[in-house]
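This note's numbering puts the first residue of the sequence shown at 206, with every later residue one more than the last.
For glycine and all other residues, C-beta sits at the position ideal for the given N, C-alpha and C.
Just so we're clear, the structure is a prediction, and the values are computed from it rather than from any experiment.
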Amino acid sequence: MRIATAAYPLDQFTAWEDYAAKQIHWVREAAGAGADLLVFPEYGRIELATLQNAAGDLESSLHAAADLAEKADHLMADLAEGYGVHILCPSGPVFDEDRDRPTNRAWLLGPEPGANFIGYTDKQVMTRFEREHWNVVPGDPLQVFDTPLGKIGVLICYDAEFPLLGRRLIEEGAEILLCPSCTDSTKGYNRVRIGAQARALEGQCITVQSPTVQPAPWSPAVDENVGAAGIYGPPDLGFPDDGILALGEINDPGWVLADIDLAAITRVRAEGSVFNHAHWPESQDRANTHETPTAASQTDFP
């Protein structure tokens with residue numbers, strides 16, 4: 206299959222038709238390039254707040270974007286069906302009835318008529334900005350989606366930096382981990398990228414980062430955006446020596462594409478130089494060993 210990951214600039218809109226035209230353009234372009242799976246970034250849904258002139262206020266932007274989230278997801282579902290592709294939608298705030306505060310949610314969509322909505326992923330661990338200024342909260346537990354393209358999990362931005370979250374998805378069978386991101390500095394982008402590459406190494410799987418890029422001065426939440434779209438695998442049998450399958454330029458908007466054969470994942474897990482995927486439980490066992498060397502064993506060298 207071919208994966209397309211977006212380096213996505215955030216824009217202002219005055220009419221829904223303009224927002225829809227942008228989404229149609231992006232999906233059409235990736236589908237025209239032969240992509241089967243399209244990945245959009247974290248907080249791409251904040252664009253929707255501009256339709257209500259609410260993007261300039263932190264709290265108002267959450268509610269305004271959430272108000273239009275369902276309409277935006279249905280637009281993407283129609284595009285997934287029309288172009289015969291799978292799409293990880295841009296994430297954004299959602300207010301559930303059982304929570305006082307919003308969660309950061311991304312839907313995975315497929316092309317099958319009447320069954321476009323495969324499932325959603327909520328962010329698990331909030332950044333300092335999300336918890337100290339924006340008051341966005343963790344959502345529902347992670348899950349793996351069994352699709353015709355393979356078993357897919359999602360780690361939204363900061364979540365990609367935590368090995369146990371990635372391992373949870375790997376143990377549930379994930380072969381591809383999607384890592385949409387929104388970072389305001391080069392170091393922030395690199396933290397997520399390094400996390401994504403580490404998850405590819407540990408799980409011997411494919412990871413995909415889709416960032417927001419370029420300034421959006423109309424929003425105090427996402428005013429600065431730095432990143433490069435990338436697709437990674439384990440640096441081992443059947444993959445590049447550095448694990449980089451495709452990597453765009455910093456802050457260069459557009460799609461980055463790579464062709465993926467999941468048989469390569471099966472092969473590297475069975476025949477690779479190392480067995481990170483299989484040996485994870487062993488590393489846990491060793492990490493949980495609390496025996497302290499005795500004084501004699503520390504000094505009794507031959």
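Distance, residue j Cα to residue i Cα
| i | j | result |
| --- | --- | --- |
| C410 | Y394 | 21 Å |
| Q489 | A483 | 12 Å |
| L354 | A209 | 13 Å |
| E302 | D441 | 46 Å |
| G239 | E286 | 15 Å |
| G448 | N258 | 43 Å |
| T219 | D446 | 47 Å |
| R474 | E429 | 39 Å |
| D505 | G371 | Interpretation of D505 is limited by its pLDDT of 48, a score under 50 that renders its predicted location unreliable; no figure is taken from the coordinates. |
| A235 | D345 | 30 Å |
| I465 | L293 | 17 Å |
| V330 | G324 | 19 Å |
Within 9 Å, strictly: CB atoms of residue i and residue j
| i | j | result |
| --- | --- | --- |
| K328 | T308 | yes |
| L267 | F245 | no |
| T412 | C387 | no |
| Q217 | L280 | no |
| G438 | G453 | no |
| W221 | L256 | yes |
| R250 | P298 | yes |
| L467 | M206 | yes |
| A211 | G459 | yes |
With 16 other Cβ atoms within 10 Å as the buried cut-off, status of residue i
| i | result |
| --- | --- |
| E380 | buried |
| F335 | In the sequence under discussion, the amino acid at residue 335 is Glu, which differs from the Phe named in the question. So E335 ends up on the buried side. |
| R310 | buried |
| N481 | buried |
| G319 | exposed |
| L314 | buried |
Cβ separation of residue i and residue j, assumed to be a contact under 8 Å, to the nearest whole Å
| i | j | result |
| --- | --- | --- |
| V342 | A365 | Going by Cβ atoms, the distance from V342 to A365 rounds to 19 Å, so no, they are not a contact pair. |
| R373 | L347 | 6 Å |
| Y288 | R333 | Y288 to R333, Cβ: 38 Å. No contact. |
| H291 | L242 | 5 Å |
| G408 | I357 | With a Cβ gap of about 13 Å, G408 and I357 do not count as contacting. |
| G485 | A260 | A small correction: the amino acid at residue 485 is Trp; Gly does not occupy that position in the sequence shown. Not a contact, Cβ separation roughly 42 Å. |
Residue-chain proximity (residue i, chain D), Cβ-Cβ < 9 Å
| i | result |
| --- | --- |
| L354 | The structure shown has no chain D; it contains just one protein chain. |
Subject >> Secondary structure, alpha helix (DSSP H): runs of 4+ residues fully inside the stretch 220 to 264 >> reply: DSSP assignment within the stretch 220 to 264 yields the following whole alpha helix (DSSP H) runs of 4 residues or more, N-terminal first: 221 to 237.
**OP:** Within the stretch 427 to 464, note down every full beta strand (DSSP E) run reaching 3 residues or more, in order along the chain.
**Re:** With a minimum length of 3 residues, the continuous beta strand (DSSP E) runs that stay inside the stretch 427 to 464 are 435 to 437, 449 to 452 and 459 to 464.
Original post:
Hey, which unbroken runs of the beta strand (DSSP E) at 3 residues or more fall wholly within the stretch 318 to 392?
Top reply: The DSSP assignment places 322 to 327, 350 to 352, 355 to 359 and 381 to 386 as complete runs of the beta strand (DSSP E) inside the stretch 318 to 392, in order along the chain (cut-off: 3 residues).
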